[in-house]
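Enquirer: First residue of the sequence shown? That's 1 in full-length UniProt numbering, and the numbers climb one at a time after it. The beta carbon of each residue, even a glycine, is placed where N, CA and C say it ideally should be. First the structure, which I've put down as structure tokens, then a few questions once you've had a look.
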Amino acid sequence: MGKKDGMEGGRGSVFSAYLAAMPEPTSGPADQDKYLPDSMKASTLLEQIGAERSWSTRDIERDVDILERNRLYTIRDLRVLSPQSWKEIQLLPLVKDLLRLSVNPEADKIKLKQDKKKAKKEKKKQKKQEKKLKMEKLSLKDKEGKKEGEDGGERAQKDGSDEATPSEEGLVTIHKLKKREESTSDDKDTSEDESSSSSSSSDTSTIDSEPELEAYTSKLSAGQPPLLKTPGNSALLPGPGRIQPMGNRIRVTAGNGTTYEVDRYCPHKYVDLATKVT
């Protein structure tokens, strides 16, 4: 019995020595968050965190000013903040996370990690959706551009065909007008010849008495050979001193019965010799 008790006592001393040799766990603000009183000043907690992480006094004072501007004076004020409210506070992300881990219970650490993962996943999903939407817009824009190009080509081709049709019709119309004008001109010349012939027949005595016409006729008789008269056409020719208009030419019968064919219009005074010489 004594031996057995000695063995058990030796075992207990060894276990006690092992426990005594183990290092004591360090406890930071995050491990003592459940023991922080609500009445503790938020500035005091922030100063402790800054001292453990070797932050500068200027940075700590700037963070304390931000807490006071948002009316966060005690630990209780920090604990009632929602995740959305924490986003509105203009503190660095590291400072926010350390404060939340210090004032919230241990169970909130898991929730905080889950919130971070969820926010990261949502952000990634949002970027993916934006990229997909952008690609759809570009694809739609390319399709619209191709459609406009095809429509423009068809419209240009249609306009070209429309312009070609009036052009051909215009040529046909111009040709018809030209033929009509030529026909009208021929009819006019014929009418003028007939009126000139009748006028010359009625004014024969007046023209015959013109000394200038006789001089012109004598000059022509000296410079041009006479036309041969045949028994067949002698009845068609006028008598001596008479004029027969023939378009731009006239036939003049001299006093001796010789017939000459000369220009109808005088080259010097530009008068119509078939009607009257001025």
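Would you kindly work out how many angstroms separate the C-alpha atoms of Arg155 and Glu148, rounded to a whole number?
Expert: Translated into positions along the sequence shown, residue 155 becomes position 155. Translated into positions along the sequence shown, residue 148 becomes position 148. Taking the straight line joining both Cα atoms gives about 10 Å.
Enquirer: For a test of the three-state rule: what should DSSP assign to Gln126, helix, strand or coil?
Expert: Counting from one through the sequence shown, the residue named residue 126 turns up at place 126. In the structure shown, Gln126 sits in a helix (DSSP, three-state: H, G or I).
Enquirer: I need the boundaries of the beta strand (DSSP E) containing Pro245, first residue and last residue.
Expert: Along the sequence shown, read from residue 1 onward, the residue named residue 245 stands at position 245. Where Pro245 is concerned, the enclosing beta strand (DSSP E) stretches over Ile243 to Met246.
Enquirer: Shortest alpha-carbon distance to Ser82 belongs to which of Asn104, Val95 and Gln157?
Expert: Here residue 82 corresponds to residue number 82 of the sequence shown, with the count starting at 1. Selected option, being the one with the closest Cα: Asn104.
Enquirer: How about the region 84–104 and the region 54–71: do they share at least three Cβ pairs that are nearer than 8 Å?
Expert: yes
Enquirer: Express the C-alpha separation of Gln157 and Tyr270 in angstroms, rounding to a whole number.
Expert: Here residue 270 corresponds to residue number 270 of the sequence shown, with the count starting at 1. Here residue 157 corresponds to residue number 157 of the sequence shown, with the count starting at 1. Each residue's Cα considered, the two are about 57 Å apart.
Enquirer: Tell me, please, which residues DSSP counts as bridged to Glu52.
Expert: Residue mapping note: residue 52 aligns to position 52 of the sequence shown, counting from 1. Beta-bridge pairing links Glu52 to no other residue.
Enquirer: State the DSSP-derived secondary structure class of Val80, mapped to helix, strand or coil.
Expert: Indexing the sequence shown from 1 puts residue 80 at position 80. Note: Val80 maps to coil in three-state DSSP.
Enquirer: On a CA-only basis, which of His268, Arg251, Thr57 and Gly255 is nearest Val262? Give me that one, please.
Expert: Residue numbering aside, residue 262 sits at position 262 when the sequence shown is read from its first letter. Just measuring C-alpha positions, the residue of His268, Arg251, Thr57 and Gly255 sitting nearest Val262 is Arg251.
Enquirer: Alpha carbons only, please: which of Trp86, Glu144 and Ser102 is nearest the one belonging to Pro37?
Expert: Here residue 37 refers to the residue found at position 37 when the sequence shown is read from its first residue. Looking at the Cα atoms, Ser102 is the closest of the given residues.
Enquirer: Just verifying my parser: in three-state terms, what is the DSSP assignment at Asp263?
Expert: The sequence position of residue 263 within the sequence shown is 263, counting from 1. Strand at Asp263.
Enquirer: For Arg79, collect the residues of the same chain with a Cβ closer than 8 Å to its Cβ; drop the 5 residues on either side in sequence, then sort them by chain order.
Expert: Locating residue 79 in the sequence shown gives position 79, counting from the first residue. So the list reads Asp38, Val103 and Asn104, once near-sequence residues are dropped.
Enquirer: CB Thr253 to CB Arg242, shorter than 7 Å?
Expert: Position 253 of the sequence shown, counted from the first residue, corresponds to residue 253. Position 242 of the sequence shown, counted from the first residue, corresponds to residue 242. Yes, the pair counts as a contact, with Cβ atoms nearer than the cut-off.
Enquirer: In whole angstroms, what is the alpha-carbon distance linking Gln224 and Thr275?
Expert: Position 224 of the sequence shown, counted from the first residue, corresponds to residue 224. Position 275 of the sequence shown, counted from the first residue, corresponds to residue 275. Here Gln224 scores only 49 on pLDDT, less than 50, and its place in the model is too uncertain to base an answer on.
Enquirer: Asp97 to Glu130, Cα distance in whole Å?
Expert: Numbered from 1 along the sequence shown, position 97 holds the residue referred to as residue 97. Numbered from 1 along the sequence shown, position 130 holds the residue referred to as residue 130. Distance between the alpha carbons of Asp97 and Glu130: 29 Å.
Enquirer: In or out: Asp33 buried (at least 16 other Cβ within 10 Å) or exposed?
Expert: To locate residue 33, count along the sequence shown from 1; it is residue 33. Because the pLDDT of Asp33 is 41, which lies under 50, any placement of that residue in the model is unreliable, and the number read from its coordinates should be weighed accordingly. Buried, since its Cβ has 16 or more Cβ neighbours within 10 Å.
Enquirer: Can Val95 and Asp115 be called in contact, C-beta distance under 7 Å?
Expert: Translated into the one-based positions of the sequence shown, residue 95 becomes position 95. Translated into the one-based positions of the sequence shown, residue 115 becomes position 115. Asp115 sits away from Val95, with the two beta carbons spaced by 7 Å or more.
Enquirer: In or out: Ala42 buried (at least 16 other Cβ within 10 Å) or exposed?
Expert: Numbered from its first residue, the sequence shown carries residue 42 at position 42. Counting Cβ neighbours within 10 Å, Ala42 comes out buried, since at least 16 surround it.
Enquirer: Take the Cβ of Leu133 as the centre, count every other Cβ of all protein chains shown within 10 Å, and call the residue buried at 16 or more, exposed below.
Expert: Taking the first residue of the sequence shown as position 1, residue 133 is located at position 133. Exposed, because fewer than 16 other Cβ atoms sit within 10 Å of the Cβ of Leu133.
Enquirer: How about Ile66 and Glu47: do their beta carbons lie closer than 7 Å?
Expert: Residue numbering aside, residue 66 sits at position 66 when the sequence shown is read from its first letter. Residue numbering aside, residue 47 sits at position 47 when the sequence shown is read from its first letter. Cβ atoms of Ile66 and Glu47: not closer than 7 Å.
Enquirer: Near Ile75, what residues of its chain come up, given a Cβ to Cβ distance below 6 Å and the 5 sequence neighbours on each side ignored?
Expert: Here residue 75 refers to the residue found at position 75 when the sequence shown is read from its first residue. Excluding sequence neighbours, Ile75 sits near Leu36, Asp38, Met40 and Val103.
Enquirer: Do you know offhand how far Gly255's Cα is from Arg180's?
Expert: Walking along the sequence shown from the start, residue 255 turns up at place 255. Walking along the sequence shown from the start, residue 180 turns up at place 180. Cα to Cα, Gly255 sits roughly 43 Å from Arg180.
Enquirer: Buried or exposed: Gly50, going by 16 or more other Cβ atoms within 10 Å of its Cβ?
Expert: Here residue 50 corresponds to residue number 50 of the sequence shown, with the count starting at 1. Here Gly50 is buried, its C-beta having at least 16 other C-beta atoms within 10 Å.
Enquirer: Per DSSP, Thr253 forms a beta bridge with which residues?
Expert: Taking the sequence shown and counting its residues from 1, one reaches residue 253 at position 253. DSSP lists Thr259 as partners of Thr253.
Enquirer: Return helix, strand or coil for Asp31, following the three-state DSSP convention.
Expert: For this step, residue 31 is matched to residue 31 along the sequence shown. Interpretation of Asp31 is limited by its pLDDT of 46, a score under 50 that renders its predicted location unreliable; the figure taken from the coordinates is listed afterwards. Reduced to three states, the DSSP call for Asp31 is coil.
Enquirer: So who's on the other strand from Pro41, going by DSSP bridges?
Expert: Start at 1 with the first residue of the sequence shown, and residue 41 comes out as number 41. The question names Pro, but residue 41 is Lys in the sequence shown. In DSSP, Lys41 forms a bridge with Thr74.
Enquirer: I need the straight-line Cα distance from Ser139 to Ala119, nearest angstrom please.
Expert: Walking along the sequence shown from the start, residue 139 turns up at place 139. Walking along the sequence shown from the start, residue 119 turns up at place 119. Approximately 30 Å, taken between the alpha carbons.
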